[in-house]
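Residue numbers (this note's numbering): 1135 to 1285.
Backbone N, C-alpha and C fix where the C-beta goes; we use that ideal spot for every residue, glycine too.
On a predicted model such as this, the values are computed, not experimentally measured, just so you know.
Reading through the structure tokens given below for one structure.
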Amino acid sequence: MSEEGYKKLMAELKELETVERPKISAAIAEARDKGDLSENAEYDAAKEAQGMLEMKINKLKMVIGDAKIIDESKLKTDSVQILNKVELKNVKNGMKMTYTIVSESEANLKEGKISVNTPIAQGLLGKKVGDVTEIKVPQGMIHLEVMNISI
């Protein structure tokens, strides 16, 4: 993953642990003060929210623990690899698109960042400028030509 993506994950983890966790603890304490826990929906909801938060924190810790930061200065653009920005052209209709191939946790289609695990990214890895690759997507097969590779 990129250093920027790693820093975002660390900031999110810190936010969850230092802001969200105390909020939920306070909500549980407040609900507990309202009396009989066996009939207290507010308490049940707060406990469920706490469980979901802890699950999210643990998942983030696992992703961060397994993360390998890629030195972007050592990236090459002779063939498609992770953290490359790839300009593509659909051979059939001539439509052009640009994607940056990133780790699963950094993927955001609105920003043009696709996960390295997607069919399109898998079909592009290792390809060079001018190569045409056939990729199976839910709508069928598409043929994409690699127009440019950059960082």
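Which partner residues of residue 1271 appear in the DSSP bridge assignment? 1274
Delimiting residues of the beta strand (DSSP E) encompassing residue 1222: 1219-1224
Give the straight-line distance between the Cα atoms of residue 1276 and residue 1213, rounded to the nearest whole angstrom. 20 angstroms
For residue 1169, count neighbouring C-beta atoms within 10 Å of its own C-beta (all shown protein chains included) and say buried if the count is 16 or more, exposed if not. exposed
Complete runs of the alpha helix (DSSP H) confined to the segment 1155-1234 [at least 4 residues]: 1155-1166, 1175-1200
Burial state of residue 1255 (16 or more Cβ within 10 Å): buried
Please name the residue, chosen from 1165, 1270, 1144, 1216, that lies closest to residue 1182 on a Cα-to-Cα basis. 1165
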